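Trainee: The numbering used here puts the last residue of the sequence shown at 411; the count rises by one with no breaks.
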Amino acid sequence: TDLMTPDYRTGLLSVSPRATQEIRRLIRSMETPNVRIRKTSLLRLCNSGKDARAAIPAVRELLFDPNETIRVLAAYSLWNIGHDASGMLTLTDVVVTGSPENSCLAAYTLGEIGPSAGEALPLLEHISANGTGLMRLHAWEAVWRIKAGDDRALDAMLSFLKSGDVHERWLATYMLGNTGSKRLDMIHDLSKALDDSSTIVQTGAGFALGCIGPEAAMATPRLITIFETSEFDNALRMTAFEALSEIEPLTAQKFQTSPTRRPERIQRTSRTTRE
137 TDLMTPDYRT GLLSVSPRAT QEIRRLIRSM ETPNVRIRKT SLLRLCNSGK DARAAIPAVR
197 ELLFDPNETI RVLAAYSLWN IGHDASGMLT LTDVVVTGSP ENSCLAAYTL GEIGPSAGEA
257 LPLLEHISAN GTGLMRLHAW EAVWRIKAGD DRALDAMLSF LKSGDVHERW LATYMLGNTG
317 SKRLDMIHDL SKALDDSSTI VQTGAGFALG CIGPEAAMAT PRLITIFETS EFDNALRMTA
377 FEALSEIEPL TAQKFQTSPT RRPERIQRTS RTTRE
């Protein structure tokens with residue numbers, strides 16, 4: 137929310153005296169009472185390279201910011217710019233007591249921290265078993281990223297492909313694509329998701345299958361059909377092409393060199409840009 141926070145953190149520059157001019161500008165922006173500006177400054181800091189490390193003392197101060205979203209973003213930024221896990225207490229607190237949106241963001245950040253967030257596993261596993269909806273899905277993803285290879289987490293994320301909530305199905309496809317797993321049942325279920333009633337879920341399934349690569353060859357016929365059928369959404373057709381490029385590059389190359397068999401923008405796309 138773009139609220140004006142009355143008791144926001146000040147004096148941040150004084151705790152980061154070695155910051156470059158650009159980083160100092162961002163730190164100064166984090167002292168504004170405007171929440172939106174503080175959020176933007178933290179996210180820009182994450183994209184500022186090694187120079188951003190000089191801001192770590194200032195960002196630690198924001199772990200005590202009165203705004204919940206800022207506290208979570210501060211914890212995320214600390215890990216992003218310096219692998220600093222000092223925001224763990226903030227994250228575990230927000231997972232339990234925060235708004236639904238911030239609880240999901242906190243769980244995601246714990247997953248980003250990975251094995252170093254191992255102390256949060258009991259809490260995340262409790263939420264995974266007893267939470268609801270998107271919070272459960274985010275908690276299971278965090279468990280997988282902290283404890284890679286946990287089949288319970290992968291099984292749970294797979295189960296969300298059958299959810300009645302389209303947003304849960306869509307998010308599950310991308311989470312599964314980012315697991316790095318090549319389990320046969322996962323490939324099978326993602327291939328079935330190419331026939332989902334929602335285009336965004338189909339697109340997510342295509343992305344995930346492309347992440348898996350050659351092991352997802354069973355999906356090739358359906359991906360070709362999607363690619364060659366003009367009635368499908370062009371973004372979905374592009375995703376199908378990009379997945380084919382990862383699964384069967386020679387097949388995709390044949391399509392790429394045939395102007396009559398590709399959507400207008402596919403010739404400029406050779407690989408999915410992954411977040």
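All C-beta atoms, glycine included, are put in the ideal place defined by N, C-alpha and C. The structure presented is a predicted model; accordingly, all values stated were derived computationally and were not measured.
Spatial neighbours of A352 within its chain, please: C-beta separation below 7 Å, excluding the five flanking residues on both sides.
Mentor: Cβ neighbours of A352 beyond the five flanking positions: I323, L345 and I383.
Trainee: Going by the beta-carbon positions, is the gap between L294 and A308 smaller than 9 Å?
Mentor: Yes, Cβ-Cβ distance for L294 and A308 is below 9 Å.
Trainee: What residue does the alpha helix (DSSP H) around G269 start on, and which one ends it?
Mentor: G269 to I282 is the span of the alpha helix (DSSP H), which, as asked, contains G269.
Trainee: Please report the straight-line C-alpha distance between L198 and C182, rounded to a whole angstrom.
Mentor: One C-alpha to the other measures close to 15 Å.
Trainee: Go through the stretch 289-329 residue by residue and report every complete run of the alpha helix (DSSP H) that reaches 4 residues or more, in order.
Mentor: Runs found: 302-313 and 320-329.
Trainee: Under a Cβ-count criterion, where at least 16 other Cβ atoms within 10 Å of its own Cβ denotes burial, should Q338 be classed as buried or exposed?
Mentor: Q338 is buried by the Cβ-count criterion.
Trainee: DSSP state of N170, grouped into three classes?
Mentor: DSSP places N170 in strand when its eight states are reduced to three.
Trainee: Give, in chain order, every unbroken run of the alpha helix (DSSP H) that is at least 4 residues long and sits entirely within the stretch 159-205.
Mentor: Fully enclosed alpha helix (DSSP H) runs of 4 or longer: 171-182 and 192-197.
Trainee: Thinking C-alpha only, which one of M311, L270 and E304 is nearest W280?
Mentor: The residue with the shortest Cα to Cα distance from W280 is M311.
Trainee: Take every Cβ of the stretch 186-200, pair it with every Cβ of the stretch 153-171, and state whether three or more of those distances are shorter than 8 Å.
Mentor: Counting Cβ pairs under 8 Å, three or more are found: they touch.
Trainee: Please say whether S327 and R373 have beta carbons closer to each other than 9 Å?
Mentor: The answer is no: Cβ separation not under 9 Å.
Trainee: Distance, Cα to Cα, G223 vs S213?
Mentor: Spanning the two alpha carbons is a distance of roughly 9 Å.
Trainee: Provide the residue span of the alpha helix (DSSP H) that contains G342, from first to last.
Mentor: Per DSSP, G342 belongs to the alpha helix (DSSP H) from T335 to I348.
Trainee: For P258, report the span of its alpha helix (DSSP H) as first-last.
Mentor: Segment L257 to N266, the alpha helix (DSSP H) holding P258.
Trainee: Excluding sequence positions up to five away, which residues of its chain have a Cβ less than 7 Å from the Cβ of T335?
Mentor: The residues are D369 and L372.
Trainee: Return helix, strand or coil for G285, following the three-state DSSP convention.
Mentor: In this structure, G285 counts as coil in the three-state DSSP scheme.
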